[in-house]
Amino acid sequence: MQANNIKLRFLGSAQDAGVPQANCYCANCRRAHADHTFRHYAASLAIITDDSTWHMIDATPDFREQLYSMQNAYPKAGIMNSIILTHAHAGHYPGLLFLGKEGMSTSELPVYASERMSQLLAKDAPWSQLVGLKNIVTKTIYADKAQELGDHVRFTPVEVPHRNEYSETFGFLIEGPSKKALYIPDIDSWEEWNHDIEEIAKTVDFVIVDATFYSKQEVAGVGRDISQIPHPPIIETMDRLQNVVDTVGTKVYLTHLNHSNPVLDPDSEEYQSVRTRGFFLAEEGLELEL
Numbered sequence: 001m002q003a004n005n006i007k008l009r010f011l012g013s014a015q016d017a018g019v020p021q022a023n024c025y026c027a028n029c030r031r032a033h034a035d036h037t038f039r040h041y042a043a044s045l046a047i048i049t050d051d052s053t054w055h056m057i058d059a060t061p062d063f064r065e066q067l068y069s070m071q072n073a074y075p076k077a078g079i080m081n082s083i084i085l086t087h088a089h090a091g092h093y094p095g096l097l098f099l100g101k102e103g104m105s106t107s108e109l110p111v112y113a114s115e116r117m118s119q120l121l122a123k124d125a126p127w128s129q130l131v132g133l134k135n136i137v138t139k140t141i142y143a144d145k146a147q148e149l150g151d152h153v154r155f156t157p158v159e160v161p162h163r164n165e166y167s168e169t170f171g172f173l174i175e176g177p178s179k180k181a182l183y184i185p186d187i188d189s190w191e192e193w194n195h196d197i198e199e200i201a202k203t204v205d206f207v208i209v210d211a212t213f214y215s216k217q218e219v220a221g222v223g224r225d226i227s228q229i230p231h232p233p234i235i236e237t238m239d240r241l242q243n244v245v246d247t248v249g250t251k252v253y254l255t256h257l258n259h260s261n262p263v264l265d266p267d268s269e270e271y272q273s274v275r276t277r278g279f280f281l282a283e284e285g286l287e288l289e290l
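Note that full-length UniProt numbering numbers the sequence shown so that position 164 is 164, with each residue one more than the last.
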């Protein structure tokens, strides 16, 4: 693979619990049970640096299927060369367990993680067994400090507000030889962030952002309190980034979709609104060249 063919590949686009979600029989989940092509894995990205070298952002509960999908698309790929973690919530690191002696039994696989996340992995069982047996080696990363993944690609952690019960939460600026992408699968709100998403969006080619819920009304409709699970609604994110999409040409991809999100249905008015306004939905298998 040439330097200018470095790619991002979507391995998943759903909220932590996936689609279908356990013990849910909403229209989307019923459809996903009946039609496996409608299923969605938890949000994850592959950074592909050549045909045999790649890095996984987040080790989700769907780790097995996501690893297989990557290896099926790239037969020379083998296992990932590293894992890069955003934070310590249920959809973003449980897949590490597949690396242990009961599973793949990897040897010194690098895992990039924030300071608190690295401490959690080192001290708390069962993750500490992975460290103790050297299945993984943690590499502590810090906000705004770039990390090289080869001669032509690097990522820079960007800290975002997101509850942070057990770790900091990172998004990532991913830079290839010709293009840049901003990846933020989880954030509480754009207002709380100490950066301006509109200004950053003007400086990159791709923005891949938290689209858990379409609207606040959607959250109420499934009996949840958005103050307990805050995420910026899609309609708010589109309003903020519409001018950038229209005038700069930055492509915005919506990821981390909750099972209740109406945009999952391509026949819905909400999906049509997203596409009409020039935004895109993240889809498993979709690739973006950097």
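Using N, Cα and C, we set each Cβ at its ideal position, and we do this for glycine too.
In the three-state reduction of the DSSP assignment, Lys123 falls in the helix class, which pools H, G and I.
DSSP places Asp151 outside any beta strand (DSSP E), giving it a letter other than H or E.
Inside the segment 165-214, DSSP marks whole beta strand (DSSP E) runs of 3 or more residues at positions 170-175, 180-184 and 206-210, from first to last along the chain. Asp50 is bridged by DSSP to Thr53. Under a 10 Å Cβ-count criterion, Thr37 is classified as exposed, with fewer than 16 other Cβ atoms of the shown protein chains found around its own Cβ. Under a 10 Å Cβ-count criterion, Gln228 is classified as exposed, with fewer than 16 other Cβ atoms of the shown protein chains found around its own Cβ. The segment 44-62 and the segment 150-165 touch, with three or more beta-carbon pairs separated by less than 8 Å. Of all alpha-carbon atoms in Val204, Ser178 and Asp239, the one lying nearest the alpha-carbon of Tyr214 is that of Asp239.
Rounded to the nearest whole angstrom, the CA to CA distance from Asp62 to His195 is 31 Å. Spanning the alpha carbons of Glu289 and Ala181 requires a straight line of approximately 10 Å. In the structure shown, Val158 falls within a strand segment according to DSSP collapsed to helix, strand and coil.
As the crow flies, the alpha-carbon of Leu67 is around 8 Å from that of Leu11. Comparing C-alpha distances from Ile197 to each of Ser178, Ala122, Pro20 and Glu159 shows the shortest one belongs to Glu159. Contact annotation: Ala59 and Gly95 have beta-carbon atoms nearer than 7 Å. Beta-bridge pairing by DSSP links Val137 to Pro110. The DSSP-derived three-state label of Glu289 is strand. Cβ-Cβ distances below 6 Å link Ala146 to Arg154 and Thr156 in the same chain, with the five nearest sequence neighbours on each side left out; the list follows chain order. By DSSP's assignment, Gln242 forms no beta bridge with any residue. Looking at the DSSP output, Gly12 bridges to Ser44. Looking at the DSSP output, Thr255 bridges to Asp210.
In the DSSP annotation of this structure, Ser268 is not part of any alpha helix (DSSP H), being labelled neither H nor E. Under the Cβ criterion (8 Å, minimum of three pairs), the segment 240-259 counts as touching the segment 278-285. In the displayed model, Val248 falls within coil according to three-state DSSP, outside both helix and strand.
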